[in-house]
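**Student:** Take the sequence shown: its position 23, counted from the start at 1, is 26 in the numbering used here, and no numbers get skipped.
Note that the Cβ used here is the ideal one computed from N, Cα and C, for glycine as well.
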Amino acid sequence: MEIDSNDFNEKKSQSFNEISYLWQTLNSFLSYEEFSIKKIEEEEKNISGLIIKYGKHLNLKKFEEKFQKIKHAIKLNSQILHFIAEPYLMKFEIPENFTPYSNEYQVSRIRSIFRIIMRDWSEDGKIERDQSYSLIVQKLNEYFPDQQKRNEIKVLVPGCGLGRLPFEIAYNGYFCEGNDFSLQLLLTSSMIINTKVEKVNQFSIFPYLHETSNTIKNEDRLKEVKFPDIDTFQISNEKFSICGGDFIEVYRNQQNQWDCVVTCFFIDTAHVIYNYIEIIWEILKPNGIWINFGPLQYHWADLPGETSLEISYEELKEFSISLGFNFQFETFTSCSYTSCPNSMLQYTYNSSFFVCSKKY
Numbered sequence: 004m005e006i007d008s009n010d011f012n013e014k015k016s017q018s019f020n021e022i023s024y025l026w027q028t029l030n031s032f033l034s035y036e037e038f039s040i041k042k043i044e045e046e047e048k049n050i051s052g053l054i055i056k057y058g059k060h061l062n063l064k065k066f067e068e069k070f071q072k073i074k075h076a077i078k079l080n081s082q083i084l085h086f087i088a089e090p091y092l093m094k095f096e097i098p099e100n101f102t103p104y105s106n107e108y109q110v111s112r113i114r115s116i117f118r119i120i121m122r123d124w125s126e127d128g129k130i131e132r133d134q135s136y137s138l139i140v141q142k143l144n145e146y147f148p149d150q151q152k153r154n155e156i157k158v159l160v161p162g163c164g165l166g167r168l169p170f171e172i173a174y175n176g177y178f179c180e181g182n183d184f185s186l187q188l189l190l191t192s193s194m195i196i197n198t199k200v201e202k203v204n205q206f207s208i209f210p211y212l213h214e215t216s217n218t219i220k221n222e223d224r225l226k227e228v229k230f231p232d233i234d235t236f237q238i239s240n241e242k243f244s245i246c247g248g249d250f251i252e253v254y255r256n257q258q259n260q261w262d263c264v265v266t267c268f269f270i271d272t273a274h275v276i277y278n279y280i281e282i283i284w285e286i287l288k289p290n291g292i293w294i295n296f297g298p299l300q301y302h303w304a305d306l307p308g309e310t311s312l313e314i315s316y317e318e319l320k321e322f323s324i325s326l327g328f329n330f331q332f333e334t335f336t337s338c339s340y341t342s343c344p345n346s347m348l349q350y351t352y353n354s355s356f357f358v359c360s361k362k363y
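Rendered as structure tokens:
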């Protein structure tokens, strides 16, 4: 599978800002262990401060064993992150007059990647994928039932994250291109998809280590998840690729080129959702279809200094129809997203799931 993230392939052609951003991202991968161990040490310190008052009631040995296991799992997680970063560390030099740095916010975004790996590329994530990806692929196949001609059907998946949804679409015979803006996710998906593993489930991560709230048992934080659950080399480069960059900037000039656009947990990432819908309309071929799945959990809402248009589903539908979309299928369905199965807190989205065609 080819990942073209405009993506630092030619060192000399890249600007200072691009290489600096790459190194900033790589540094956040490399800083995960240091920042995460520090947080565990804070947990240890909090327990130590209670020994005088509650020592006889606390199983200190059990606490010590828990913290040691968590630290060991952090180191194993860190090995995966180093494996992701290593090819780029060897290829690109740190720009002069640039010093990479990391903070807790940046590292917290790296921690979230482990749960996305769980969702997209492990057997543990199959339940969630069946709630969304499987429904999307099933609906796509209904519109294009002739398997012999699917390789002629061009499908775009913006906001593809770690790439499992476009992989599944390509696996069903379509030409599929994924797109994502997050360099953290692009680097991670590149490792997963382009590494020829000796066996499925070759790698291990601990995605729930940092869930300190709503935990029932210590072992829930220490749950090991193996990935990838499938051989990614089953799909050829001719059928499957991922392109990095901002959706609007990358695709705004590709009018009438795509047979289908699939959006899953994506359209609410827009500053102005109308812009996304308009681009989807423009890049679809006449009679092309848009399949959407997900909530309207607007990512930029309530962030100071950020534009965020937060419309209702009703308003989304009215705008889409006004552009010329014809809604052919529409429902709402429950699903979760990177959830911890044994947590006391469970989020469930009542996600919109619709298919509409571009009238022409």
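Pull up the distance between the alpha-carbon of residue 260 and that of residue 179, whole angstroms please.
**Tutor:** Straight-line Cα distance between these residues: approximately 12 Å.
**Student:** Quick one: Cα of residue 227 to Cα of residue 216, how far?
**Tutor:** 18 Å
**Student:** Please report the residue range of the alpha helix (DSSP H) in which residue 89 lies.
**Tutor:** Element bounds for residue 89: 63–94.
**Student:** If we require 3 or more residues per run, which beta strand (DSSP E) segments fall completely within the stretch 188–265?
**Tutor:** 206–208, 228–230 and 243–247
**Student:** Who are the Cβ neighbours of residue 16 in its own chain at under 6 Å, not counting the five residues just before and after it?
**Tutor:** Reliability fails at residue 16, whose pLDDT of 45 lies under 50, so the model's placement of it is uncertain and the value that follows must be treated cautiously. Excluding residues within five positions, none has a Cβ falling inside 6 Å.
**Student:** Does residue 80 pass the burial test, meaning 16 or more other C-beta atoms within 10 Å, or should it be called exposed?
**Tutor:** By the neighbour-count rule (16 or more Cβ atoms within 10 Å), residue 80 is buried.
**Student:** Tell me which residues share the same chain as residue 274 and place their Cβ nearer than 8 Å to its Cβ, disregarding the 5 neighbours each side in the sequence.
**Tutor:** These residues qualify, in order along the chain: 303, 309, 310, 311 and 312.
**Student:** Under a three-way DSSP split, which group does residue 124 fall into?
**Tutor:** helix
**Student:** Please classify residue 291: does DSSP put it in a helix, a strand, or coil?
**Tutor:** strand
**Student:** Provide the residue span of the beta strand (DSSP E) that contains residue 352, from first to last.
**Tutor:** 352–361
**Student:** Taking C-alpha atoms, which residue in 21, 242, 36 and 168 lies nearest to residue 155?
**Tutor:** 242
**Student:** What do you get for residue 213, buried or exposed, if any count of 16 or more other CB atoms within 10 angstroms of its CB means buried?
**Tutor:** Residue 213 should be labelled buried.
**Student:** Would you call the stretch 23–35 and the stretch 183–194 touching, i.e. three or more CB-CB distances under 8 Å?
**Tutor:** yes
**Student:** Is the CB-CB distance between residue 282 and residue 358 below 8 Å?
**Tutor:** no
**Student:** First and last residue of the alpha helix (DSSP H) that includes residue 133?
**Tutor:** 129–134
**Student:** Counting C-beta neighbours from all protein chains within 10 Å, is the total for residue 112 16 or more, i.e. buried, or is it exposed?
**Tutor:** exposed
**Student:** Which term fits residue 108, buried or exposed, when burial requires 16 or more other beta carbons within 10 angstroms of its beta carbon?
**Tutor:** exposed
**Student:** Within the same chain, show all residues whose beta-carbon is closer than 7 Å to that of residue 238, passing over the 5 residues directly before and after it, in chain order.
**Tutor:** For residue 238, where only same-chain residues beyond five positions count, the Cβ hits under 7 Å are 4, 170, 173 and 174.
**Student:** Under three-state DSSP, which class holds residue 140?
**Tutor:** helix
**Student:** In this structure, how does DSSP classify residue 9 when only helix, strand and coil are distinguished?
**Tutor:** With a pLDDT of only 48 at residue 9, under 50, the local geometry of the prediction cannot be trusted, and the value read off the model is given with reservation. Three-state DSSP puts residue 9 in coil, outside helix and strand.
**Student:** Distance check for residue 204 and residue 361, CA to CA, integer angstroms please.
**Tutor:** 41 Å
**Student:** For residue 352, which residues of its own chain have a beta-carbon under 8 Å away from its beta-carbon, when the five flanking residues on both sides are left out?
**Tutor:** Excluding residues within five positions, the ones whose Cβ falls inside 8 Å are 297, 298, 300, 337, 338, 339 and 340.
**Student:** By alpha-carbon positions, which one of 63, 36, 277 and 334 ends up nearest to residue 318?
**Tutor:** Distance check between residue 318 and each of 63, 36, 277 and 334 places 277 closest, using alpha-carbon atoms only.
**Student:** Can you give the beta carbon distance from residue 176 to residue 166, rounded, assuming they're within the 8 Å contact cut?
**Tutor:** Actually they are not in contact, since the Cβ atoms of residue 176 and residue 166 sit about 17 Å apart, beyond 8 Å.
**Student:** Could you please give the first and the last residue of the uninterrupted alpha helix (DSSP H) stretch that includes residue 39?
**Tutor:** 35–51
**Student:** Between the Cα of residue 327 and the Cα atoms of 280, 263 and 104, which residue gives the shortest distance?
**Tutor:** 280
**Student:** Under 8 Å between the Cβ atoms of residue 76 and residue 230?
**Tutor:** no
**Student:** Cutting at 8 Å between CB atoms, please list the residues of its own chain near residue 199, excluding the five before and the five after it.
**Tutor:** 236
**Student:** Which partner residues does residue 338 have in the DSSP bridge list?
**Tutor:** In the DSSP output, where bridge partners are listed per residue, residue 338 has 352.
**Student:** Is it the case that the Cβ atoms of residue 133 and residue 162 are separated by a distance below 8 Å?
**Tutor:** no
**Student:** By how many angstroms is the C-alpha of residue 55 removed from the C-alpha of residue 66?
**Tutor:** If you take the alpha carbons of residue 66 and residue 55, they lie about 16 Å apart.
**Student:** Output yes or no for whether 8 Å exceeds the beta carbon distance between residue 262 and residue 158.
**Tutor:** yes
**Student:** Within 10 angstroms of the Cβ of residue 36, are there 16 or more other Cβ atoms? Answer buried if so, exposed if not.
**Tutor:** Under this definition residue 36 is a buried residue.
**Student:** Is residue 347 helix, strand or coil by DSSP?
**Tutor:** coil
**Student:** Would you call the CB atoms of residue 93 and residue 219 closer than 8 Å?
**Tutor:** no
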